[in-house]
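With numbering that gives the first Met the number 0, you'll find the sequence shown wraps up at 134, consecutive numbering, no jumps.
Think of the CB as a built atom: it goes at the ideal place given N, C-alpha and C, for glycine as much as any other residue.
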Amino acid sequence: MIGLVSDGQQSIRLAMGETWPDTPYQYCQYHYLKDIAKPVVDLDRKLKTGLKKSLRGLREIEKQVEDDDSIESEVTRDYLAATRSLLLEDGNPPLDLHGIRIYEKAEAVKASLEKSVAKKKGGGCPPEKGSPFVP
């Protein structure tokens, strides 16, 4: 046996030490990162909760445009769908933080929406090619 790796649980370490006393032990790198990142993960979780709270009220807007066949309502439904998909985002901490990902995607939706509004008013740039809201 070259070495032993575990999550650092004391009972496992004691059992490994008794069974293989001369084998080197290493704390699992994933668990190490997870433990040291806990404060960041906790803050990210609060960010995600706050972002989700700020996105409440989508259903009311959906009701307002559900029977409208105008192009504006169609675009609104597309933006609502993109925004709603943010609520389903999840991550795999510590290396993939879901709150940060939701924030970044929400900013992208916001920027696209602002470009669309500016274009509608005639004063802005058209949405960039490759944007999820441009066919």
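Range of the contiguous alpha helix (DSSP H) that encloses residue i
i    : result
L50  : 37-53
Q63  : 57-64
G121 : That residue, G121, is in no alpha helix (DSSP H); it is neither H nor E in DSSP.
M15  : 9-18
C-beta atoms of residue i and residue j nearer than 8 Å
i    : j    : result
V4   : C27  : yes
R44  : G98  : yes
K47  : I101 : yes
T108 : A81  : First, the residue type needs correcting, since residue 108 is Val and not Thr in the sequence shown. Taking 8 Å as the Cβ cut-off, V108 and A81 qualify as a contacting pair.
L50  : A105 : yes
P93  : K33  : yes
V40  : L85  : no
Delimiting residues of the beta strand (DSSP E) encompassing residue i
i   : result
L3  : 3-5
Q25 : 24-26
Expected contact under 8 Å - CB spacing of residue i and residue j to nearest Å
i   : j   : result
G56 : H30 : Not a contact, Cβ separation roughly 40 Å.
Environment of residue i [buried if 16+ CB atoms lie within 10 Å]
i    : result
S111 : buried
S115 : buried
P131 : In this prediction, P131 scores a pLDDT of 47, lower than 50, which makes its location untrustworthy; the coordinate-derived value is nonetheless stated afterwards. The residue in question, P131, is exposed, as its Cβ has fewer than 16 Cβ neighbours within 10 Å.
G129 : For G129, the predicted model reports a pLDDT of 49, less than 50, meaning its position is unreliable; a value from the coordinates is still stated below. It is exposed - the Cβ of G129 has fewer than 16 other Cβ atoms within 10 Å.
G121 : exposed
Practice item. Can you check the stretch 61-97 for any beta strand (DSSP E) of at least 3 residues that lies completely inside it and give the ranges in chain order? Key: Taken in chain order, the complete beta strand (DSSP E) segments of 3 or more residues contained in the stretch 61-97 number zero; there are none.
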